[in-house]
Every structure is written in structure tokens, then in C-alpha cells.
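*Asks:*
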Amino acid sequence: MRLEYCRKKGKLDNRGSALVSVLVITTFITIIATTMLYMAAMNYQQKQTDYQNKQSFYGAEKALDEFKSILVSDVQDAYLYAYNETSKNFLWRKDDLTAYFQESFMNALNEKWKERVDDVTAADISGLQSIASMNDGQKKLLLAVRNVMEDAEETEYNDCAKYFYKIDSYGLYEDAAGAKKFALKGIQVKCTSGNYTTFLYTDICLEPPSVNWQTGFADATGATQEKAWETIAFTDCVYYVNWHRADYDERDNYNTDLGNPAS
């Protein structure tokens with residue numbers, strides 16, 4: 022009888038083992054589920070941050086590229102003006118046609134942008150007074166760039182105007198070799214997507230296309246042949262210089278050297 026009682030008592034002592042096993046397994050599953058949920062949340066957050074990062078970068082880059090395409094149109098207009106001017110003075114300037122063409126091209130670009138900046142009034146820039154470290158000339162230039170974007174026929178350009186927030190200067194620059202180029206210097210663009218902001222900094226230079234003013238050439242027999250028509254890639258005449266990206270505002274520290282200002 023005592024042996025039977027001990028066996029029954031032993032069985033009674035094991036009654037909580039199943040409950041303990043269930044609690045251990047439940048706790049283990051809960052830990053795994055919590056870990057998986059945490060990893061999924063972190064993965065989503067990383068993807069969201071990456072998406073916002075890409076959106077802000079592509080938004081800023083798109084604004085620059087669309088502005089660059091407008092400058093290509095400026096190059097075409099300046100080319101037509103310079104080509105016509107050089108053709109009208111062909112005999113008078115026959116000894117320096119290339120130099121005369123390039124000078125006319127540069128002057129046309131400079132005058133076009135001078136007119137755009139002059140069209141901006143003091144009343145127009147009054148809303149930009151809160152932007153520190155910008156003088157009135159820079160504010161007028163910034164609004165001139167925004168106006169060009171907003172007035173473009175391509176409507177997708179209009180929304181990108183607001184991404185431009187500072188431009189240091191514009192004009193003609195001359196390098197050590199004496200070569201001239203027109204440039205918009207210190208262009209600064211920023212785009213925000215969610216909590217992420219991308220800053221792009223660059224200069225944009227415009228140069229005249231190469232034009233061969235020779236009207237003909239002599240072949241092997243000595244006969245004069247007409248010059249073939251040239252194909253001009255105007256997109257190659259507009260290019261970025263000192264382009265770089267930042268994740269913080271370098272507005273007051275961005276400075277580049279394009280050469281000496283030319284008259």
C-alpha cells in the first residue's frame with residue numbers, strides 16, 4: 022500500500038511540468054516573433070529612408086538637368102546670333118573669323134542673362150530677404166533662374182524652379198591660356214523628400230561650338246571642293262564643373278575657381 026501511495030504521489034508531483042513546457046515554448050515563440058517583427062520594421066524603415074534619399078537626390082538632379090537643357094537652348098540662340106554676325110562681317114574679319122565668332126557668342130549669352138537679371142525688380146526680391154548671406158545681385162540672379170524655369174513651355178520644368186536656392190554669379194571667365202567661357206557659378210540646389218534632404222552644388226559652363234570658317238578646300242588635283250556641312254552637338258557646349266553632392270548645407274562654404282572674370 023505504501024509503494025502504491027508513493028507512486029501516486031510521484032504522479033501528482035509532475036502535474037505542473039506540462040504547463041511549464043507550454044510557458045517555455047510560448048515564451049520562445051514570442052521572442053522569435055518579436056525579433057522578426059523588429060527586423061521587419063527596421064528593414065521597412067531602411068527601405069523608406071533609402072527611398073526618400075533617392076527621391077530627394079533624383080529631384081535635385083532632375084532640376085539641374087532640366088535647367089541645363091534650357092541653357093542648351095541659350096547656346097543655340099547665341100550660336101545663331103554669332104554665326105549671322107560673323108557671316109555679315111566675313112570679308113572685314115576674314116583674318117580672325119573664329120575669334121570674332123566666339124566673342125559674339127559670349128556677348129550674346131552675357132547680354133541675354135543680363136536682361137533676365139535686370140527684369141527682376143526690388144519688389145520681386147523682397148520675399149527673399151530672409152535668406153542669409155545673399156546680396157541683392159544674387160537674389161535677383163536666383164529669381165531670374167527660377168523665372169526661366171517657371172516660364173518654360175515644358176510644364177515639368179516649372180515645378181523644379183523652387184529647388185534652386187542660391188547662385189553666386191554669372192558672366193565671362195578666362196583661364197590661364199586665355200580661353201573664355203560663360204558660366205553660372207555657385208549653383209546650389211536642394212530637394213527634400215520626407216525627412217531627407219539632398220544638396221547639389223555645381224558650376225555650369227557654356228562654350229561656343231567649333232565652327233570651320235573655311236569655305237572650300239583643294240583636292241589632290243588642285244580643284245576646289247565645297248566644304249561639307251557640319252553637325253554641331255549643342256549639348257556638348259553645356260557642362261557641369263565642380264559638381265558634388267552633400268547631405269548638409271554648404272551654402273556659405275562652397276567656393277570654386279573658374280578663372281578670372283573676363284570683360
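Position 147 (the sequence shown) corresponds to 168 in our numbering; numbering is contiguous. Positions of the beta carbon are idealized from the N, C-alpha and C atoms, including for glycine.
Classify Ile146 as buried or exposed, calling it buried when 16 or more other Cβ atoms lie within 10 Å of its own Cβ.
*Replies:* So Ile146 ends up on the buried side.
*Asks:* What span of residues does the beta strand (DSSP E) with Arg114 cover, start to end?
*Replies:* Looking at the DSSP string, Arg114 is not in any beta strand (DSSP E), and its letter there is neither H nor E.
*Asks:* Could you tell me the distance, in whole angstroms, from the CA atom of Tyr121 to the CA atom of Thr107?
*Replies:* Cα to Cα, the separation comes out at about 7 angstroms.
*Asks:* Return the residue from the list Asp270, Tyr260, Trp234 and Phe255 that minimises the CA-CA distance to Lys109.
*Replies:* The residue with the shortest Cα to Cα distance from Lys109 is Trp234.
*Asks:* Would you mind sorting Val141 into buried or exposed? The rule is 16 or more other CB atoms within 10 Å of its CB.
*Replies:* Val141 should be labelled buried.
*Asks:* Is the beta carbon of Cys181 less than 7 angstroms from the beta carbon of Ala84?
*Replies:* For Cys181 and Ala84, yes; Cβs fall inside 7 angstroms.
*Asks:* Name the one or two DSSP bridge partners that Lys201 has.
*Replies:* The partner list for Lys201 (beta bridge, DSSP) reads Glu195.
*Asks:* Quick one, are the C-beta atoms of Leu118 and Ala99 less than 7 angstroms apart?
*Replies:* Not in contact: Leu118 and Ala99 (Cβ atoms no closer than 7 angstroms).
*Asks:* Checking 7 angstroms against the spacing of the C-beta atoms, do Leu92 and Val259 come in under that value?
*Replies:* For Leu92 and Val259, yes; Cβs fall inside 7 angstroms.
*Asks:* Within the continuous alpha helix (DSSP H) that includes Asp157, where are the two ends?
*Replies:* That run of the alpha helix (DSSP H) goes Asp157 to Glu171.
*Asks:* Can you have a look at Phe111 and say buried or exposed, based on whether 16 or more other CB atoms are within 10 angstroms of its CB?
*Replies:* Result: exposed.
*Asks:* Pull the bridge partners of Lys187 from the DSSP assignment, please.
*Replies:* DSSP, once it has assigned bridges, lists Gln209 as partnering Lys187.
*Asks:* Going by Cα to Cα distance, which pick from Tyr79, Val166, Asn216 and Asn263 is closest to Trp134?
*Replies:* Answer by Cα proximity: Val166.
*Asks:* Taking all protein chains shown into account, decide if Met155 is buried (16 or more other Cβ within 10 angstroms of its Cβ) or exposed.
*Replies:* Met155 is buried by the Cβ-count criterion.
*Asks:* Would you list the one or two residues that DSSP bridges to Ser90?
*Replies:* None; Ser90 has no bridge partner.
*Asks:* Pull up the CB-CB distance for Met170 and Phe255, whole angstroms please, since I reckon it's below 8 angstroms.
*Replies:* Not really, about 19 angstroms apart at Cβ, beyond 8 angstroms.
*Asks:* Can you name, in chain order, every residue of its own chain whose Cβ lies under 6 angstroms from the Cβ of Trp264, other than the five neighbours on each side?
*Replies:* Only Thr223 meet the Cβ criterion.
*Asks:* Can Tyr186 and Leu205 be called in contact, C-beta distance under 7 angstroms?
*Replies:* No, Cβ-Cβ distance for Tyr186 and Leu205 is not below 7 angstroms.
*Asks:* Where DSSP assigns a beta bridge to Cys258, which residues make up the other side?
*Replies:* Answer is none; Cys258 lacks a bridge partner.
*Asks:* Whole angstroms are fine: how far does the CA of Ala144 sit from the CA of Gln97?
*Replies:* For Gln97 and Ala144, the distance between alpha carbons rounds to 32 angstroms.
*Asks:* Can you say whether Gly199 is buried or exposed, counting buried as having 16 or more other CB atoms within 10 angstroms of its CB?
*Replies:* Counting Cβ neighbours within 10 Å, Gly199 comes out exposed, since fewer than 16 surround it.
*Asks:* Please confirm whether Lys115 and Val138 have their CB atoms less than 7 angstroms apart.
*Replies:* Their beta carbons are not under 7 angstroms apart, which means Lys115 does not touch Val138 by this criterion.
*Asks:* Considering only their Cβ atoms, is the gap separating Gly80 from Cys226 smaller than 7 angstroms?
*Replies:* Contact: no.
*Asks:* Give me the Cα-Cα distance between Gly148 and Tyr102, rounded to the nearest whole angstrom.
*Replies:* So the alpha carbons of these two residues sit roughly 36 angstroms apart.
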